[in-house]
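Asks: Letter by letter, the sequence shown follows residues 1 to 227 of the working numbering.
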Amino acid sequence: FPGWGSQSSKVQIHHNTWLHFPGHNLRWILTFTLLFVHVCEIAEGIVSDTQMKSRHLHLFLPAIMGFVAATVSIVYYHNIETSNFPKLLLALFLYWIMAFVTKTIKLVRYCQDGVPFSQLRFCITGIMVILYGLLMAVEINVIRVRRYVFFMNPQKVKPPEDLQDLGVRFLQPFVNLLSKATYWWMNTLIISAHKKPVDLKAIGKLPIAMRALTNYVCLKEAYEEQK
Numbered sequence: 001f002p003g004w005g006s007q008s009s010k011v012q013i014h015h016n017t018w019l020h021f022p023g024h025n026l027r028w029i030l031t032f033t034l035l036f037v038h039v040c041e042i043a044e045g046i047v048s049d050t051q052m053k054s055r056h057l058h059l060f061l062p063a064i065m066g067f068v069a070a071t072v073s074i075v076y077y078h079n080i081e082t083s084n085f086p087k088l089l090l091a092l093f094l095y096w097i098m099a100f101v102t103k104t105i106k107l108v109r110y111c112q113d114g115v116p117f118s119q120l121r122f123c124i125t126g127i128m129v130i131l132y133g134l135l136m137a138v139e140i141n142v143i144r145v146r147r148y149v150f151f152m153n154p155q156k157v158k159p160p161e162d163l164q165d166l167g168v169r170f171l172q173p174f175v176n177l178l179s180k181a182t183y184w185w186m187n188t189l190i191i192s193a194h195k196k197p198v199d200l201k202a203i204g205k206l207p208i209a210m211r212a213l214t215n216y217v218c219l220k221e222a223y224e225e226q227k
């Protein structure tokens with residue numbers, strides 16, 4: 001399966017980053033939300049278990065496994081994106097389908113057993129059904145836009161010039177959402193700044209979209225529209 005995925009189109013770039021797949025930011029937001037809901041599910045299961053006379057691992061152990069799986073899924077997605085092997089997303093798509101079906105069956109079972117909507121366990125399961133459904137929709141949208149499978153002519157993606165330029169080291173527009181929020185990609189520069197002063201050569205050139213000329217053109221266009 002990894003060998004099959006490696007047959008997808010690859011482009012030579014000089015940075016450990018890549019063009020984001022469609023729905024990149026939405027996927028990260030949904031995954032963080034899913035992790036939070038899993039934490040709530042684990043806590044609810046542990047509290048419920050402590051109120052019983054005997055140990056019931058099924059109340060919290062599946063939630064722990066789901067938390068680990070969600071963490072692995074976003075790491076797996078990040079590596080696929082940086083490697084540009086979109087066909088490997090099929091494995092992730094299958095996982096979302098199985099998780100969605102499993103949680104839906106669990107939710108239906110709660111309804112049949114008469115579990116009220118006000119119970120936290122019911123609410124958590126309902127939210128997870130929605131999240132897994134949205135993650136499935138994100139994967140379907142990637143297939144629709146990138147056409148990497150089930151289509152005769154897959155979409156050819158050309159990397160921006162900045163990713164092919166060794167002089168560009170400011171990669172804020174191209175890293176994932178978590179790295180954008182925490183500036184994790186700048187760790188190397190920050191660590192080196194503790195040892196010696198940072199010069200312009202270490203910072204490198206700015207991406208085209210962040211240069212003064214590009215900002216001037218955008219400002220001029222906005223000004224002309226307002227005239």
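Just so it is clear, CB atoms sit at the ideal spot from N, CA and C, and this is done for glycine as well.
Curious, which full-length alpha helix (DSSP H) runs of at least 4 residues does the stretch 17 to 82 contain?
Replies: 24 to 50
Asks: Leaving aside the five residues before and after L90 along the sequence, list all residues of the same chain whose C-beta is less than 7 Å from its C-beta, in chain order.
Replies: V149
Asks: Kindly indicate the opening and closing residues of the alpha helix (DSSP H) around E161.
Replies: Run containing E161: none; DSSP gives neither H nor E here.
Asks: Could you spell out where the alpha helix (DSSP H) holding L178 opens and where it closes?
Replies: From DSSP, the alpha helix (DSSP H) with L178 extends over 177 to 182.
Asks: Would V240 pass as a contact of T104 if the rule is Cβ separation under 8 Å?
Replies: Look at the range of the chain in this structure, 1 to 227, and you will see that residue 240 is not part of it.
Asks: Excluding the 5 residues flanking L131 on each side, which residues of the same chain have their C-beta closer than 8 Å to its C-beta?
Replies: L30, T33, L34, V37
Asks: Straight-line CA distance for W185 to A193?
Replies: Cα-Cα distance, rounded: 14 Å.
Asks: Excluding the five sequence neighbours on either side, which residues of its own chain have a C-beta within less than 6 Å of the C-beta of V115, listed in chain order?
Replies: F122
Asks: Under 8 Å between the Cβ atoms of Y77 and L94?
Replies: no
Asks: Between V198 and L189, how many whole angstroms is the CB-CB distance? I'm expecting something under 8 Å.
Replies: 7 Å
Asks: Exposed or buried, which one is R211 when buried takes at least 16 other CB atoms within 10 Å?
Replies: That one is exposed.
Asks: Please check the pair P159 and R146, which I expect to be a contact at CB under 8 Å, by giving their CB distance rounded to whole angstroms.
Replies: About 14 Å separates the two Cβ atoms, so there is no contact after all.
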